[in-house]
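Number 208 in the numbering used here belongs to position 37 of the sequence shown; there are no gaps in the numbering. Backbone N, C-alpha and C fix where the C-beta goes; we use that ideal spot for every residue, glycine too.
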Amino acid sequence: MPKATAGPEIERLIQLLARLPGLGPRSARRAALHLIKKREPLMAPLAAALQTAIDKIEVCRTCGNIDSQNPCTVCTDPRRDPSVIVVVADVADLWALERAEVLNARYHVLGGTLSPLDGIGPQDLTIDALVSRAHDPAVKEIIVALNATVDGQTTAHYITDLLHDAGVAVTRLAHGVPVGGELDYLDEGTLSAAIRSRTPL
Ligand code: ZN
């Protein structure tokens, strides 16, 4: 047994920080030390921000996004085009697409993708809510923006089948050569998808 170097309060802080994505035990110790040293300018406001998040942040009843207002800021923004809904698996994907600043649409967060091996079926995702949103006459296009993985594409096909009678155009993201990518470094699956998705110059 290694000897303890800190009291239980500090050990607990390190253990909790180590559960954050991207932080191992070593970086969690560094983060804990940094917080303790910056107690007033950083740790106290961080603790207050975490408490506010616990009190205020909830899941949007319309789209599944998370926000401190419900329906969320995205759903209630009148400048967004109400005719387009972008389907994503997770809030992180919504944030990623918003960073790209190419869409002016609303979203629908599924809460994951279908995964028979993990026991995740349609009832575990917000697919029913998506289908009823798609039947709103104002909605003209559903962009399925799911990962280019087996589960992502299985989910995309499932959704496309369900939306067949909804009177909306269902589109998906192109698969292919990433911006700045070199052909020589791409795997065969990406290359063949890029060839199949080729567009006129
Ligand atoms: Zn929303």
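Query, Result
"DSSP bridge partner residues for H279 (one or two, in chain order)", "V258"
"Proximity test, V245 beta-carbon vs ligand 1 heavy atom, cut-off 6 angstroms", "yes"
"Segment contact flag, the region 228 to 243 with the region 190 to 197, C-beta cutoff 8 angstroms, min 3 pairs", "no"
"Member of S303, G352, L362 whose CA lies at the smallest distance from the CA of L333", "S303"
"Residue range of the beta strand (DSSP E) that includes V341", "340 to 343"
"Alpha carbon of A318 to alpha carbon of L296, nearest angstrom", "It should be noted that the sequence gives Asn, not Ala, for residue 318. Between N318 and L296, the C-alpha separation is close to 15 angstroms."
"7 angstroms Cβ cutoff met for T284 and D322", "yes"
"Collapsed DSSP secondary structure at I228 in the structure displayed", "coil"
"Any non-hydrogen atom of ligand 1 closer than 6 angstroms to P308 Cβ", "no"
"Contact test: N236 Cβ vs ligand 1 heavy atom, cutoff 6 angstroms", "yes"
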